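A.B. asks: Residue numbers (UniProt numbering), protein chains in the order written: chain A, 1 to 1160; chain B, 1 to 377.
Beta carbons: idealized from backbone N, C-alpha and C, even for Gly.
Computed from a predicted model, the values in this text were never measured in an experiment.
Just dropping this structure here.
So this is what it looks like as structure tokens:
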């Protein structure tokens, strides 16, 4: 019973009858049962209904396809890429540093106390990242936007978007759009989950409209113990690591360095003498963009243009791990480099490496029993050991030693001095960047001497300081030594001269090779000579290096470039000797003339002639055996031999330099003996094989890049795969070509040795560079703030000269006012930021550029301005105000440069107004239009017009046709009809407008960062400052027009005419009557019926009148009531509004105060 | 930046290249001591004429020459190009002198260049216009210069000393040049020649042709020499004749040799060039040039020694890719070019001699010069 009950109470299972699973099931079932699926789709539904429409659709599809395709760009970065710059940007107080800190902590397990300057970390086996915190002022934002590879925009989720974010986005957009990722923070402030979700959604969609649909917006939900949660940081780091960077056109054509270290290397005494002297600085950073050649000029953002005094490649402070096959990074490979933040263990200088070791980790090994001469001792020992021991061999402190040292000028070193140097290297500067500015690091290339007499207690000491080879050396010459020193002083000097010149030559060579060449041994070069004698054994380890440096057999390169002077002079001397023998007395110029065409390559005044003809020693080519030599160079010869000839060269090796030298000389003397005819037929490398290999490589690389591309494109929601398969067309071919070219370049460049490679292609991107720059203003060092990025950008050909640029400009839609012509704007263009005065214009239909007083509201216009030239197609962004406390949107306009020029073609309308002073039939003399006859001459033949529309032409100055003392500037004009004296004559013309040649670079790095830069002020600012009202031209104001009513005189018809008129047209002159005539006086007596009708009509009229009046009164009453109601409502709403506003102001004020407090 | 910093140079050597490279790299230059110690100091007529030519094709360039002409200040402007330009060259040098820099300059103009040059068309010192037309223009095409719009029309001949020739040069403008890998010399498949005679009997041409063809008899059957006898207004003002030979190889290299014979040109001092005083018979000229062509072929390389300078300049102006070319022994002019390129564009070449053939393979990375003055459409 009970069981039954249970059964009945239970619901029986009901199978599903709908839904996707059931549908599928039923289909399978049907198939099983063999039921034919007779439900065919309507065939007409998919047929082409309209040919036009189908065509249109197809065209659209194709266009869409094409839009996706972009022209492949050549990737010319070979080798290790520099670390990617990840800029973290956001409004103040949003948690930028915390994000960086937690990311760094995540990647390296290190705590960063504070974020100052770029922080480089090794993130993976092939990837490094440099984190940069974007400062809050607009200058910093601009510089950051120019270097960012990825921008992380932090947004306070609880507050919403702030202007900074959008400003930064806009700046990035014009400077080439790097990758962007949004991160919402402060989400823990939401208590309501639903509200949180809503806000997220809203912000995400707003973010998408600004960038693109599907842009990544990341959420950091909140802080745990003052840190973001580890899981979220991990996720964020993953997103960062998978982002792919695409090249931006400006950056791939300009080298740039984001400095992560700055040192002042001015000689300290120079600073002591004058604190405000120009400084020499060195900047360190990874080279990005493209290769940097030696002679390049650079622009330091916020400072100015400088030429590089020295470039040195450095070993990477944060190298990628070796390419061993393993998964992930080992802990010790998780390197970390942030010199400005004061962490990281290694510091490199041109001639030293500083290792920061904690004191408790240092253990000094025991030195030998005899401390004095470590050099003589270490016979069988390791050289390195000796070196280290010699470092420990310091009895005295640096100061003590300094007092006692002998500093020899030229090569003769006492042990103490050299020891001192080494010691300094080891000890003095590991603390970090700040202490070093006072150290004695000198400019590498300059050599200058100071001599100083110092009176000290132990007699007279002469002090001599010398700046050389990057070091300060002060020679102390004691009195007793002085005498014999003086004795061979001259001698010494000569020696010195020699030594110096030698040194200089070395240095010059180094300078040309930029001493970087051998990055591993560059450090030692300067020191080696001096240390030779002292350190004995220690110096042994350097010997091979030295030898390597010395033994460079002269090759063609040196002949052409390096030793040009010597070879050329030798040649000239030879020639001179010959001529001297013959005729000693000869006019000065004759020598060079006799030298003849082209032989004297080094002579400054040799003839400019590309032909080098020497018919004298022509072979007799008519003879057969002579011809046999070149038989194979003709199609009639042996083809296989000829083919061999071309092949050989590819595999030619570099050991033949000397022989080539011989060849070269041959030419100079004009004869030719090919004594090396040893045909190297046994070449191991086949050209075709090489080519094939190249192609393969290219293909492989191509495939990879394509895959990457696909990954990128998938984000856009279009599936490119199918199209790719369909169309292996133009783009693919281009890509392949580019890749082949790249591989070819690599092949060629890899053949070269490191020195020549740097000579030929410049420093490769990704190298860590030390840039030395001389004579920068002292403010740059004084006001240096590591939180602001120091951007050093290379300047291309022609970009350092100024000219007029024409740009297509549009006022930013969020900027409230239109821009005024000739109001200064600050532009950020290329690497530069400067203030300039634009003139706006628009192109008329006939191609004329008409000046505009103001930019159009929602339209592009042309802007012409003066400034350092940039290549066309460079975007720029304009500002009017850089101050941080501005409320509105600071970007005033965005623009792109179209063209540059050395002159402008802007015109504006001009209307010359004149009045006739004398009229003779159709000719009139016009005054007031021109001021002089000369001016008239300029306008001869131009057309004029009167107000009434009578057209005419300016003929000539009318002086001679008027009386003698007529004033100047009266023009004779002819018109198509006679004009009146009351007419006004216009001449409409166009006058060229000059664009002011003004530009003022923003020197924001030369002032305290919190101060806003002020340049030229706008009219408005000046007016408000000086309390000047806006000038008003009274004539331009609109006034009510008062017209007198015209009084016409009665029409008078002449009597003669009257007589001839027909009677009907004749005026009927009736005398005025005194009494009204009969018609008027006559009374009307109506018939009774008529009267009745009349009365009725009158009644009706009355009735309707009354009705209308009643209606009107009613309406009026109604309106009155309505008005009263409205007034009442208004009062209420006003009250409410006021309260609301008050509340809002109060909160805003509070917030502002808080912010101000936060900033302080 | 307000002050322009000038690059300081000395002497009149490689004047054309200095001007050309200064203009292309927009470096203002000052050249001092131009023939300061010479009998005739300062810039010569053709150099002044070249400066005028640069002024014609470019906009806003500033040229200052001091009184004696020994110091030149040149601030380059923007190369404009344009149509219907006319320049009358000084008669002290022939058209080849002007054409060499102008060809390169025209490539980097704002608009395609079309200019009419008047003066001496051929002389023994410089490239003959025939050679420019038939060999030099082909070299340009190698670097990605479109062949349409690249043309040289010889409208009238003119030889020294009076000139009177006229040529019409059209050069298209390019965005940038593409790097070349040009090491294959190939084998000479045909030789073409152009002789001309102006105000003299065409017999001279015939004898030159005959003699020149005789030299090639042993080597190649495919030799054809065209003649171009001018008379009347097209023949210029002075009598003379000349020959230009171009050998084309299977790899598309053009190797040329040319000369022209005319009355000695009066030097500025009034005396007549001594060596040129006695003229050779036309047969000898033909043989000489033919032999010279063979000499050039023997030297090897993808261009002849005269065109080395142009080749190097073009290589250096390419995109930032590796160019590789093979030349025969380096000519002094070529070496000069290499030095100038390093100075102005910072382009260094690396050299690899090929001892088996006596040629040198030069490799460089182009400076990546882009024609910036072209308007963005």
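Measuring only between beta-carbons, confirm whether residue 214/B sits less than 8 Å from chain A.
C.D. replies: For the purposes of this step, residue 214/B is identified with residue 214 of the second chain, where counting begins at 1. So, interface residue.
A.B. asks: Going by other Cβ atoms of all chains shown within 10 Å of its Cβ, with 16 needed for buried, is residue 1100/A buried or exposed?
C.D. replies: Walking along the first chain from the start, residue 1100/A turns up at place 1100. Exposed is the call here.
A.B. asks: Give the interface partners of residue 557/A over in chain B, defined as CB-CB distance under 9 Å, in chain order.
C.D. replies: The residue given as residue 557/A occupies position 557 in the first chain. Those are 348, 349, 350, 351, listed as they occur along chain B.
A.B. asks: Could you pull out every residue in the same chain whose Cβ sits closer than 6 Å to the Cβ of residue 336/B, ignoring the five residues on either side in sequence?
C.D. replies: In the second chain, the residue the question calls residue 336/B occupies position 336. Hits under 6 Å: 14.
A.B. asks: Rounded to whole angstroms, what is the Cα-Cα separation between residue 632/A and residue 187/B?
C.D. replies: Start at 1 with the first residue of the first chain, and residue 632/A comes out as number 632. Start at 1 with the first residue of the second chain, and residue 187/B comes out as number 187. C-alpha separation (whole angstroms): 7 Å.
A.B. asks: Report yes or no: is there a C-beta of chain A within less than 8 Å of the C-beta of residue 283/B?
C.D. replies: For the purposes of this step, residue 283/B is identified with residue 283 of the second chain, where counting begins at 1. Not one chain A Cβ lies under 8 Å of residue 283/B.
A.B. asks: Use the C-beta contact count for residue 169/B: other C-beta atoms within 10 angstroms, 16 or more gives buried, fewer gives exposed.
C.D. replies: As a working mapping, residue 169/B is identified with position 169 in the second chain. It counts as buried.
A.B. asks: Thinking just about the alpha-carbon of each residue, which of 934/A, 942/A, 974/A is nearest to the one in residue 950/A?
C.D. replies: Within the first chain, the letter at position 950 stands for residue 950/A. It is 974/A whose Cα lies nearest to the Cα of residue 950/A.
A.B. asks: Here's the rule: buried if 16 or more other CB atoms are within 10 angstroms of the residue's CB, otherwise exposed. What is residue 29/A?
C.D. replies: Numbered from 1 along the first chain, position 29 holds the residue referred to as residue 29/A. Exposed, since its Cβ has fewer than 16 Cβ neighbours within 10 Å.
A.B. asks: So, at 6 Å on beta carbons, what are the nonlocal neighbours of residue 775/A in its own chain, with the 5 sequence-adjacent residues on each side left out?
C.D. replies: Walking along the first chain from the start, residue 775/A turns up at place 775. So the list reads 278, once near-sequence residues are dropped.
A.B. asks: By alpha-carbon positions, which one of 955/A, 1056/A, 241/A ends up nearest to residue 107/A?
C.D. replies: What you label residue 107/A is simply residue 107 of the first chain in a count that begins at 1. Among 955/A, 1056/A, 241/A, the Cα nearest to that of residue 107/A is on 241/A.
A.B. asks: Would you report the Cα separation of residue 85/A and residue 131/A, rounded to the nearest angstrom?
C.D. replies: If you number the first chain from 1, residue 85/A lands on position 85. If you number the first chain from 1, residue 131/A lands on position 131. Distance between the alpha carbons of residue 85/A and residue 131/A is about 6 Å.
A.B. asks: Tell me, please, which residues DSSP counts as bridged to residue 259/B.
C.D. replies: If you number the second chain from 1, residue 259/B lands on position 259. For residue 259/B, which the question treats as bridged, DSSP gives the partners 243/B.
A.B. asks: Taking only the alpha-carbon atoms, compute the straight-line gap between residue 8/B and residue 204/B and give it to the nearest angstrom.
C.D. replies: Stepping through the second chain from its first residue, residue 8/B is reached at position 8. Stepping through the second chain from its first residue, residue 204/B is reached at position 204. Distance between the alpha carbons of residue 8/B and residue 204/B: 48 Å.
A.B. asks: For a contact defined as C-beta to C-beta under 7 Å, what are the partners of residue 636/A on chain B?
C.D. replies: As a first step, residue 636/A is located in the first chain; it is residue number 636 there, counting from the start. What residue 636/A touches in chain B: 219, 220.
A.B. asks: Determine the burial state of residue 366/B: buried for a count of at least 16 other Cβ atoms within 10 Å of its Cβ, exposed for fewer.
C.D. replies: Taking the second chain and counting its residues from 1, the one referred to as residue 366/B is at position 366. That one is buried.
A.B. asks: Starting from the N-terminal side, write out each stretch of the alpha helix (DSSP H) that is 4 residues or longer and does not extend beyond the region 750-785 of chain A.
C.D. replies: DSSP assignment within the region 750-785 of chain A yields the following whole alpha helix (DSSP H) runs of 4 residues or more, N-terminal first: 754-761, 778-782.
A.B. asks: Measuring CA to CA, which of 370/B, 357/B, 323/B is closest to residue 142/B?
C.D. replies: Along the second chain, read from residue 1 onward, the residue named residue 142/B stands at position 142. Residue 323/B is the option with its Cα nearest to residue 142/B.
A.B. asks: Residues of chain A with a CB under 9 Å from the CB of residue 203/B: which are they?
C.D. replies: Reading the second chain from its first residue, position 203 is the one you call residue 203/B. In chain order: nothing, as chain A lies at least about 22 Å away.
A.B. asks: Which partner residues does residue 972/A have in the DSSP bridge list?
C.D. replies: Within the first chain, numbered from 1, the residue matching residue 972/A stands at position 972. Paired residues: 925/A, 956/A.
A.B. asks: Answer with yes or no whether the minimum CB distance from residue 618/A to chain B is below 8 Å.
C.D. replies: As a working mapping, residue 618/A is identified with position 618 in the first chain. So, interface residue.
A.B. asks: Pull out every residue of the region 80-114 of chain B whose Cβ sits closer than 9 Å to any Cβ of chain A, in chain order.
C.D. replies: 93, 96, 97, 100, 110
A.B. asks: Do you know offhand how far residue 174/A's Cα is from residue 863/A's?
C.D. replies: Position 174 of the first chain, counted from the start, is the residue given in the question as residue 174/A. Position 863 of the first chain, counted from the start, is the residue given in the question as residue 863/A. Computed Cα separation, rounded: 16 Å.
A.B. asks: Looking at the unbroken alpha helix (DSSP H) that takes in residue 891/A, where does it start and where does it end?
C.D. replies: Taking the first residue of the first chain as position 1, residue 891/A is located at position 891. Premise fails: residue 891/A lies in the beta strand (DSSP E), 891-901, not in any alpha helix (DSSP H).
A.B. asks: Kindly give me the distance between the Cβ atoms of residue 282/A and residue 771/A, rounded to whole angstroms, as I take these residues to be in contact under 8 Å.
C.D. replies: Here the question's residue 282/A lines up with position 282 in the first chain. Here the question's residue 771/A lines up with position 771 in the first chain. About 7 Å separates the two Cβ atoms, so the contact holds.
A.B. asks: Around the Cβ of residue 36/B, are there at least 16 other Cβ atoms within 10 angstroms (buried) or fewer (exposed)?
C.D. replies: Here residue 36/B is taken as the residue at index 36 of the second chain, counted from 1. Result: buried.
A.B. asks: What does residue 182/B touch in chain A if you count any residue whose Cβ is under 8 Å from its own?
C.D. replies: The residue labelled residue 182/B in the question sits at position 182 within the second chain. Those do not exist, as residue 182/B stays about 11 Å from chain A at its closest Cβ, beyond 8 Å.
A.B. asks: Going by other Cβ atoms of all chains shown within 10 Å of its Cβ, with 16 needed for buried, is residue 145/B buried or exposed?
C.D. replies: Position 145 of the second chain, counted from the start, is the residue given in the question as residue 145/B. It counts as buried.
A.B. asks: Leaving out the 5 sequence neighbours to the left and right, which residues in its chain are closer than 6 Å to residue 952/A when beta-carbon positions are compared?
C.D. replies: In the first chain, residue 952/A corresponds to position 952, counting from 1. Cβ neighbours of residue 952/A beyond the five flanking positions: 944, 973, 974, 975.
A.B. asks: Who does residue 59/B pair with in a DSSP beta bridge?
C.D. replies: Reading the second chain from its first residue, position 59 is the one you call residue 59/B. In DSSP, residue 59/B forms a bridge with 78/B.
A.B. asks: For residue 840/A, would you say it is in contact with chain B, using Cβ-to-Cβ distances shorter than 8 Å as the test?
C.D. replies: Here residue 840/A refers to the residue found at position 840 of the first chain. Not closer than 8 Å to any Cβ of chain B, the Cβ of residue 840/A fails to qualify, so no.
A.B. asks: Of the residues 221/A, 229/A, 182/A, which one's Cα is nearest the Cα of residue 209/A?
C.D. replies: Walking along the first chain from the start, residue 209/A turns up at place 209. Residue 182/A is the option with its Cα nearest to residue 209/A.
A.B. asks: Could you pull out every residue in the same chain whose Cβ sits closer than 7 Å to the Cβ of residue 239/A, ignoring the five residues on either side in sequence?
C.D. replies: Position 239 of the first chain holds residue 239/A. Result list for residue 239/A: 181, 216, 218, in chain order.
A.B. asks: Does residue 561/A have its Cβ less than 8 Å from a Cβ in chain B?
C.D. replies: The residue given as residue 561/A occupies position 561 in the first chain. Chain B contact via Cβ: present.
A.B. asks: Does residue 895/A have its Cβ less than 8 Å from a Cβ in chain B?
C.D. replies: By one-based count along the first chain, residue 895/A stands at place 895. Output row for residue 895/A: interface = no.
A.B. asks: Pull up the distance between the alpha-carbon of residue 978/A and that of residue 969/A, whole angstroms please.
C.D. replies: Start at 1 with the first residue of the first chain, and residue 978/A comes out as number 978. Start at 1 with the first residue of the first chain, and residue 969/A comes out as number 969. Answer to the nearest angstrom: the Cα atoms are 21 Å apart.
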